[in-house]
Amino acid sequence: MSNANLAPIPELYVSHDSAQKLKAEASGLISHDLSPRQICDLELLMNGGFNPLRGFLSEEDYNSVVENMRLADGALWPMPITLDVSEKFAEGLEIGQDIALRDQEGVILATMTVTDRWTPNKSREAEMVFGADDDAHPAVNYLHNSAGKVYLGGPITGIQQPVHYDFKARRDTPNEMRAYFRKLGWRKIVAFQTRNPLHRAHQELTFRAAREAQANLLIHPVVGMTKPGDVDHFTRVRCYEAVLDKYPAATTSMSLLNLAMRMAGPREAVWHGLIRKNHGCTHFIVGRDHAGPGKNSAGDDFYGPYDAQELFRAHEAEMGIEMVDFKHMVWVEDRAQYEPMDEIQDKDSVTILNISGTELRRRLREGLEIPEWFSFPAVVNELRRRYPPRNQQGFTVFFTGFSGSGKSTIANALLTKLMEMGGRPVTLLDGDIVRKNLSSELGFSKEHRDLNIRRIGYVASEITKNGGIAICAPIAPYTTTRRAVREDVEQFGAFIEVHVATSIEECERRDRKGLYKMAREGKIKEFTGISDPYEVPENPELRVETENVDVDNCAHQVLLKLESMGLISATGSF
Ligand code: PPS
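In terms of the numbering used here, the sequence shown is residues 4 to 577.
In structure tokens, the structure reads:
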């Protein structure tokens, strides 16, 4: 049998001595500070995980990848790996110039010779790569709202790997994986990609996949960037470690992959396959809705449930890695074992059990039982440690509305009521207080408002992470910024957006601070609702009307909402 899958593959690193020299030289170059996603991409470029790429895509390769899923030379490559930068940074560069690529602490990881600079058509990229130009897709949202406007392309010279302080022994480069397989004499290896904790069904299906392919198994979870809202990788890796000894000894290995996922479904499945081939694997498990991004803004799925399997199947021969399709495993209570749903002949006469991801989250949130047939006690323990019942978790209440709409007043009433209940620390981040203490240098341009709101979001997410309650009350006029804050917070706890829906006419009539009068007279510029936009929240958790309703009642509506979400308990205490 040929062992091409286990021969070393090219990396982009220079030798240790050259790296020291290059590092010293590179300190004089113009440098780009890489974003977390770019660091993930760079690591896999440098270590051969993205072989045959030799750097961030050139314009020609980019266009070809977007349009045809192929590099300009025809090689299959489904995902644009691009170095996005700001217009300002791009303008200062010459074509042919070398730049230094630094991590977030300023360490130089690589240099890049800039051969290409262009302004991409992001809507086209979204349509072609992600299937729709819809911001509900996390990668499309990233593309439009986080990525820089200009792309740079060019070959990379690798100086050093990004530094990881966690789970060092569990991280392997493609060549380390290949050497490991060679050492153990593994010839056929089936890889399992995951961004979720493993439960018994996964264990059973991966075990079966390996048996079917007569292969060894590599559990290859992504620890770079996954879908916003996923279980953090620290918790997940502890869960994986707890499951490893449930596999027959010496058949299974686990390694962590520092990939930044895009949730691009079919294209992502092909990309994942190529990455696993580069890691020396011969088989790859593709499931229903592989790397699915969730619902689009119309509430429908972005991709069909088997689109990923179809696209993979269509390119399998060319890719050089075989697909093992994922079986939907269910618990057959009568036989006390997992079986693939499509192989059960007596469906009508047996009891079939399954707990969905949503149901699992509900049980964790509400502190309900999670049966042993579903998961391993050690895994459940880890998850419970990470997700205490909802009424013990931190959360953020985010009021938004016009100046003078009543945000601060209601927020203050809510603060007092929550303090009266006790149990969790509560912090009020009122618009005026924040502007005084955190944002005193900022004005009211869109850029400054966004910065102000992102700061509030950052503090609120920290409070939420640490089990406290953050109440925010800025105007926060822009939808995308509010969404960014929601994403920051939802990694750690619930985010409750409350639109204080007082009309602009009513706010102006009240004019508590006399600001509307000044805005009308042109003495205050860019005044929200008068000379500056306010984008009304479309789907806030709660909308409160303040006209003819007293403050106490408004705050009470928020409390009822918190109670209905299980964040505070019905008895009034936490
Ligand atoms: S933002 O858009 O969310 O960053 O605004 P915020 O930090 O909440 O600050 C709003 C308070 O600043 C006062 N103020 C203005 N508001 C809107 N537009 C302009 N140009 C402006 N200039 C000053 C105003 O008192 C707001 O306070 P609130 O508490 O909302 O009434």
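Don't be surprised by glycine CBs; every beta carbon is placed ideally from N, CA and C.
Could you check the C-alpha separation between residue i and residue j for me, to the nearest Å?
| i | j | result |
| --- | --- | --- |
| Phe59 | Arg316 | 27 Å |
| Ser352 | Ile358 | 20 Å |
| Pro123 | Ile222 | 36 Å |
| Gly151 | Arg185 | 42 Å |
| Arg457 | Asn415 | 21 Å |
| Arg388 | Pro158 | 44 Å |
| Gly496 | Gln396 | 7 Å |
| Gly232 | Leu356 | 26 Å |
| Val547 | Val501 | 7 Å |
Return yes when the C-beta of residue i is under 7 Å from any heavy atom of the ligand PPS, and no when it is not.
| i | result |
| --- | --- |
| Leu518 | yes |
| Arg512 | no |
| Thr531 | yes |
| Asn455 | yes |
| Phe447 | yes |
| Pro480 | yes |
| Asp491 | no |
| Pro477 | yes |
| Ser443 | no |
| Arg365 | no |
| Gly426 | no |
| Arg452 | yes |
| Arg438 | yes |
| Lys526 | no |
| Ser411 | yes |
| Ser506 | no |
Just verifying my parser: in three-state terms, what is the DSSP assignment at residue i?
| i | result |
| --- | --- |
| His35 | strand |
| Leu15 | coil |
| Asp535 | strand |
| Gly575 | Low per-residue confidence applies at Gly575: pLDDT is 45, beneath 50, and the placement is therefore not dependable, though the value from the model is reported in the following sentence. Note: Gly575 maps to coil in three-state DSSP. |
| Tyr154 | strand |
| Tyr341 | strand |
| Gly404 | coil |
| Ala245 | helix |
| Ala22 | helix |
| Gln107 | coil |
| Asp304 | strand |
| Asn71 | helix |
| Cys557 | helix |
| Arg57 | coil |
| Leu563 | helix |
| Thr254 | coil |
| Thr118 | coil |
| Ala182 | helix |
| Cys510 | helix |
| Ala93 | helix |
| Ile413 | helix |
| Cys475 | strand |
| Lys298 | strand |
| Met266 | coil |
| Arg174 | strand |
Please check the pair residue i and residue j, which I expect to be a contact at CB under 8 Å, by giving their CB distance rounded to whole angstroms.
| i | j | result |
| --- | --- | --- |
| Thr2 | Ser443 | Since the first residue shown for the chain is 4 and the last is 577, residue 2 is missing from the structure and cannot be characterised. |
| Val492 | Thr419 | Not quite, the Cβ-Cβ distance comes to about 22 Å (not below 8 Å), so this is no contact. |
| Ile324 | Arg279 | 6 Å |
| Glu538 | Thr482 | 5 Å |
I'd like to confirm the pairing. Which residues does DSSP put opposite residue i in its beta bridges?
| i | result |
| --- | --- |
| Leu421 | DSSP output for Leu421 lists no bridge partner at all. |
| Gly161 | Tyr16 and Ala113 |
| Ala497 | Phe398 |
| His502 | Thr403 and Arg546 |
| Trp376 | In DSSP, Trp376 forms no bridge with anything. |
| Met332 | Pro343 |
| Ala194 | Leu221 and Phe287 |
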